[in-house]
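Numbering (our numbering), first residue to last: 126 to 726.
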Amino acid sequence: MDKVLNILQGILEAIGDFFKGLLGGITDIFSATDSTELIYTAIARWVFIFLAVFVLLKSILSLLRSKNPSEVWAYLHLSTGENLPITHWENVIGRSKSCDINIDDPRVSRNHGTLSRDNKGVWTYRDLGSTNGAYINGEKVVPDEPVEIEPGDNIDIGVTGCTLFPISLEERRNNIEMRKMDTILLSPWLSLIALTIFQFMTWLQLKVALGKDFVPSITVAFIGVSALMWGYVILLRSMRRKGFEMETIAFFLSTLSLAVTASKYPGAVFKQFIAIAVGVVLFFFMCAYLRNLNRAKAIQKLMYIAAAVLLLFNLIFATSKFGAENWVVIGGVSFQPSEIVKLAYIWVGAATLDQLFEKKNSLIFMIFSGFCFCCLALMGDFGTAIIFFVTFLVISFLRSGDFTKLILIIGVAFVGGLMVLKFKSYIAERFAAWGHVWDFADSTGFQQTRTMSAAASGGMVGVGAGKGWLNQVGAADTDLVFGMLTEEWGLIIAILAVLSIITLSIFAVRSIWAGRSTFYTIAACSAMSMFLFQTMLNVFGAVDLFPLTGVTFPFVSNGGTSMISSWGLLAFLKAADTRQNASIAISLSEKGLAVEGDDDI
């Protein structure tokens, strides 16, 4: 692995040397006197604020304004004369008010059956073991056995007759026009230009701030991430995709990650760039793969196996770091298997509507979750265990809607948490210092007190990238990265970074109402809950509002596996984005926009 990295680094350094010579004249100006360097940093700090506000607020406001418009896929005509639009791929039919298709008939069960559509437009009906059953064209439906339905078939539910009708070509065109009216997609070019300027100025700031510690690989990394960003957008635009708000936010936060890494470990910046590149490739692949629902469901068993193998591999071969045995070193490259397991956990936790009513499916997920918690506990990685547990609660609620079960699960987890505090002394010490770390400023509160002091010294605009002192404290670029952001980049940019994660989470929740399948909505909401809670633990832990748990800030913290995992999690949200032409995860043929031969776009 190191040989491959060295070859890639050599190629990119040659490119970097060219640009280094081109930009040498500019940097010579700032190496002439210390005062010139100070003048640049003083001016650049305010320019960074302007560029960050422009790039992030533009994307944040666009996502908050956006609507995931409902799609009408067919109509269900009832014998009562009602004509009900079907706006999801998966629908529960029943007497309950919460059903997608509500039928006011006392002989209809509360949850009578499901009506589902696949990627090819084939509809199936499945009886959920209803009291009075269902009949299709006069033939009784076997409970829990899906039956294919053709347009015009009669479905008798209780004493109500139902007939499925497809939408007309004219309605399909009207739906597309309505989607276009509801979809607001901003042009990405101004944001990309602003972000490119931000990246160039960051490189220059690091050049003058690090001095002799500046290494050529930093130049390579910043040129690489800029080229990667432009290449990705140009490729997607050639495929007629226009929504790039999520990716813009991710590229911005990834740029901050390069800056944070350069400030702490200048020689590690190139590896962090490689992680970003791998993350973007994974993101693109996952989006393309997830758009086929049957294909996404088909590999869930493989995901179970892969996750279990990774966790067991971690338990056997891991080395201890900061009290947790969650790092595996292969050929000089270290990674955290638990970060990759996050992707598999959400993939298997997501479920289609039919799977939600299968007790066996839910039981397997419960057992798998218990296995994950036990493995993470044995590793001593309780920060990640908490994140998995919160994600489990979100998935469980979205699967069942039952608060009673959640209360019971939380109670059991509380007792388990007390046992952990009893047997894991270093965790108990963190909790003992929680809320009053200043009383332990030279022991268990050392990191947090230094983080808060550094953050306070940064003020609103920061002292400048590479100019802080918190980078001398252990884990400043990972667990304490919010403090490092605030010190070097200022409170405004640090808060914008947090708001970016919150915005993605809000967008995920809003996508529920227009979700094509529960698989996508559960995956998006659980991925964003993982993002949100992980950010909370990182930010609040650094400033003593939460105990310090040792988890990373998504996209920002230094760490290759964490970066790759963050891009992978973002793919689940992108797959739930049903805005017109916004996502590679939605094929154009599903929106009625593809021409002949475009089915795979």
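We treat Cβ as the ideally placed atom computed from N, Cα and C, and that holds for glycine.
Touch test, the region 339-359 against the region 392-400, Cβ-Cβ under 8 angstroms, three pairs minimum: yes
Classification of residue 293 by the beta-carbon crowding that lies within 10 angstroms, buried from 16 upward: Working through the sequence shown from its first residue, we reach residue 293 at position 168. Exposed, by the Cβ-count rule.
Three-state class that DSSP yields for residue 250 in the structure shown: Translated into the one-based positions of the sequence shown, residue 250 becomes position 125. It is a strand residue.
contact_flag[the region 683-692, the region 514-524] where n(CB pairs < 8 angstroms) is 3 or more: no
Residue 646 to residue 496 span [Cα, whole Å]: As a first step, residue 646 is located in the sequence shown; it is residue number 521 there, counting from the start. As a first step, residue 496 is located in the sequence shown; it is residue number 371 there, counting from the start. Those two C-alpha atoms are separated by around 25 angstroms.
Per DSSP, cross-strand counterpart(s) of residue 259: Taking the sequence shown and counting its residues from 1, one reaches residue 259 at position 134. According to DSSP, residue 259 bridges with 282.
Beta carbon of residue 675 nearer than 7 angstroms to that of residue 602: Your numbering for residue 675 matches position 550 in the sequence shown. Your numbering for residue 602 matches position 477 in the sequence shown. No, they are not a contact pair.
Pair within 7 angstroms by beta-carbon distance, residue 327 and residue 402: For the purposes of this step, residue 327 is taken as residue 202 along the sequence shown, with counting starting at 1. For the purposes of this step, residue 402 is taken as residue 277 along the sequence shown, with counting starting at 1. Not a contact, by the Cβ cut-off of 7 angstroms.
Backbone CA spacing between residue 700 and residue 633 [nearest angstrom]: The residue given as residue 700 occupies position 575 in the sequence shown. The residue given as residue 633 occupies position 508 in the sequence shown. Going by the C-alpha atoms only, they are around 10 angstroms apart.
Cβ neighbour criterion (16 or more within 10 Å) applied to residue 650: For this step, residue 650 is matched to residue 525 along the sequence shown. Under this definition residue 650 is a buried residue.
Separation of residue 607 from residue 509, as counted between CA atoms: As a first step, residue 509 is located in the sequence shown; it is residue number 384 there, counting from the start. As a first step, residue 607 is located in the sequence shown; it is residue number 482 there, counting from the start. Taking the straight line from one Cα to the other gives about 18 angstroms.
Separation of residue 242 from residue 211, as counted between CA atoms: Start at 1 with the first residue of the sequence shown, and residue 211 comes out as number 86. Start at 1 with the first residue of the sequence shown, and residue 242 comes out as number 117. Cα-Cα distance, rounded: 10 angstroms.
Alpha carbon of residue 678 to alpha carbon of residue 284, nearest angstrom: Indexing the sequence shown from 1 puts residue 678 at position 553. Indexing the sequence shown from 1 puts residue 284 at position 159. Approximately 56 angstroms between the Cα atoms of the pair.
Proximity below 7 angstroms, CB of residue 683 to CB of residue 386: Counting from one through the sequence shown, the residue named residue 683 turns up at place 558. Counting from one through the sequence shown, the residue named residue 386 turns up at place 261. Contact: yes.
For residue 224, three-class secondary structure by DSSP: The sequence position of residue 224 within the sequence shown is 99, counting from 1. Of the three classes helix, strand and coil, the one that applies to residue 224 here is coil, per DSSP.
Whether residue 252 touches residue 266 by CB criterion (7 angstroms): Here residue 252 corresponds to residue number 127 of the sequence shown, with the count starting at 1. Here residue 266 corresponds to residue number 141 of the sequence shown, with the count starting at 1. It is a contact, given that the beta carbons lie within the stated cut-off.
Classification of residue 709 by the beta-carbon crowding that lies within 10 angstroms, buried from 16 upward: Here residue 709 refers to the residue found at position 584 of the sequence shown. With 16 or more other Cβ atoms within 10 Å, it is buried.
Whole-angstrom C-beta distance between residue 669 and residue 562, which should lie under 8 angstroms: Sequence index remark: in the sequence shown, residue 562 carries index 437 (1-based). Sequence index remark: in the sequence shown, residue 669 carries index 544 (1-based). The pair is a contact, with the Cβ atoms about 5 angstroms apart (cut-off 8 angstroms).
C-alpha gap between residue 381 and residue 436, whole angstroms: Taking the sequence shown and counting its residues from 1, one reaches residue 381 at position 256. Taking the sequence shown and counting its residues from 1, one reaches residue 436 at position 311. Taking the straight line from one Cα to the other gives about 30 angstroms.
Reduced DSSP secondary structure (H/G/I, E/B, other) of residue 706: Translated into positions along the sequence shown, residue 706 becomes position 581. Coil, per DSSP.
Residue 321 to residue 490 span [Cα, whole Å]: Residue numbering aside, residue 321 sits at position 196 when the sequence shown is read from its first letter. Residue numbering aside, residue 490 sits at position 365 when the sequence shown is read from its first letter. Answer to the nearest angstrom: the Cα atoms are 44 angstroms apart.
Assigned secondary structure, residue 289 (DSSP; H/G/I helix, E/B strand, else coil): In the sequence shown, counting from the first residue as 1, residue 289 sits at position 164. If DSSP states are grouped into helix, strand and coil, residue 289 belongs with the strands.
Anticipated Cβ contact below 8 angstroms, residue 667 with residue 576, distance rounded: Walking along the sequence shown from the start, residue 667 turns up at place 542. Walking along the sequence shown from the start, residue 576 turns up at place 451. Right, the Cβ-Cβ distance comes to about 5 angstroms (below 8 angstroms), so this counts as a contact.
Nearest to residue 191 (by Cα), restricted to the options 657, 631, 644, 318: Locating residue 191 in the sequence shown gives position 66, counting from the first residue. The shortest C-alpha separation from residue 191 is found at 631.
Buried or exposed (CB count within 10 angstroms, at least 16 for buried), residue 281: Residue 281 sits at position 156 when you count from the first residue of the sequence shown. So residue 281 counts as buried.
Cα-Cα separation between residue 429 and residue 522, rounded to whole angstroms: Here residue 429 refers to the residue found at position 304 when the sequence shown is read from its first residue. Here residue 522 refers to the residue found at position 397 when the sequence shown is read from its first residue. Residue 429 and residue 522: Cα-Cα distance of roughly 21 angstroms.
Rounded C-alpha distance that separates residue 444 from residue 432: The sequence position of residue 444 within the sequence shown is 319, counting from 1. The sequence position of residue 432 within the sequence shown is 307, counting from 1. Distance between the alpha carbons of residue 444 and residue 432: 19 angstroms.
Residue-chain proximity (residue 688, chain C), Cβ-Cβ < 7 angstroms: Among the chains in the structure shown there is no chain C, since it carries only a single protein chain.
The region 228-246 contacting the region 411-430, beta-carbon criterion three pairs below 8 angstroms: yes
Close beta carbons around residue 376, own chain, < 6 angstroms, minus the five adjacent residues each side: Counting from 1 along the sequence shown, the entry for residue 376 is found at position 251. Closer than 6 angstroms at the Cβ level, and outside the excluded window around residue 376, lie 354.
Beta strand (DSSP E) segment containing residue 119, residue limits: Examination of residue 119 is not possible in this model, given that the chain is present from 126 through 726 alone.
Cβ contact check for the region 256-276 and the region 233-241: 3 or more pairs under 8 angstroms: yes
Nearest neighbour of residue 693, chosen from 470, 492, 672 [CA to CA]: Residue numbering aside, residue 693 sits at position 568 when the sequence shown is read from its first letter. Comparing Cα positions, the closest option is 470.
For residue 608, three-class secondary structure by DSSP: Position 483 of the sequence shown holds residue 608. Residue state, collapsed to three classes: helix.
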